[in-house]
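Asks: Next up is a structure, given as structure tokens.
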Amino acid sequence: KVNEKYHANLGGGKPYPVDLRVMEKMGLNGEMLAHGDHEDKLDEYRKEGLILEPYNVDFLRHSDIRFQYIRHKKGLGVSDDAAVVVGALLYNMSVGLGVYLADAIDTLDKFSLKFYEQDDALATMIERSFKDFNLTEDDALKFIYLVSIPEDMEDKIPDSS
């Protein structure tokens, strides 16, 4: 929605539990999955057994299964650091701290032994509370746009803490 509203070119993806043995057999690696365009290949990856059903994974018993970020669409990212600052400046320090905690949850989720995507659960909870915070979807889209990394600035602005 940000891309449509602001004529931006934001990319994105999400973490998946993947089988490292299948990844190797398919001639892929983590770098390729994290930086390529894979939206049209997700069904194939599931069929081949690369992407596993998250709720059937026992990471302690299967050392070849890891969380792997798979980019769906190439494009610009957002700066987590800028999000903390913009949240505090646009709203208040509590929002800035909340953004910082959301980023920490996202980071810790990557090392969890259970696939839960707590950052998505938190985002859904906040979205349901927009009215309580006197916010709209447009406010959220504007915030995302403001913390997006401009074209030709990818090497100058950090995209993560």
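With my numbering as the guide, the letters of the sequence shown map in order to residues 1483 to 1643.
Cβ atoms here follow ideal geometry from the backbone N, Cα and C, with glycine treated the same way.
Rounded to a whole number of angstroms, what is the C-alpha to C-alpha distance between E1486 and L1623?
Replies: Straight-line Cα distance between these residues: approximately 10 angstroms.
Asks: Return the chain-ordered list of same chain residues with a C-beta closer than 6 angstroms to the C-beta of V1566, the five sequence neighbours on each side being excluded.
Replies: The answer, listed in chain order, is G1578, V1581, Y1582.
Asks: How do the region 1619 to 1639 and the region 1493 to 1504 stand: do at least 3 beta-carbon pairs fall below 8 angstroms, yes or no?
Replies: Segments in contact, no.
Asks: From the DSSP output, in three-state form, read off F1549 for me.
Replies: DSSP places F1549 in strand when its eight states are reduced to three.
Asks: Provide the residue span of the beta strand (DSSP E) that contains K1496, from first to last.
Replies: Run containing K1496: 1494 to 1501, per the beta strand (DSSP E) assignment.
Asks: Quick check: is the beta carbon of G1559 nearer than 9 angstroms to any beta carbon in chain C?
Replies: Going by chain labels, chain C is absent from the structure shown, which holds only one protein chain.
Asks: Can you name, in chain order, every residue of its own chain whose Cβ lies under 7 angstroms from the Cβ of K1503, other than the five neighbours on each side?
Replies: The question names Lys, but residue 1503 is Arg in the sequence shown. Hits under 7 angstroms: D1546.
Asks: How would you label L1515, buried or exposed, when you count the other beta carbons within 10 angstroms and need 16 or more for buried?
Replies: Buried.
Asks: Measuring only the C-alpha atoms, how far is M1508 from S1611?
Replies: If you take the alpha carbons of M1508 and S1611, they lie about 43 angstroms apart.
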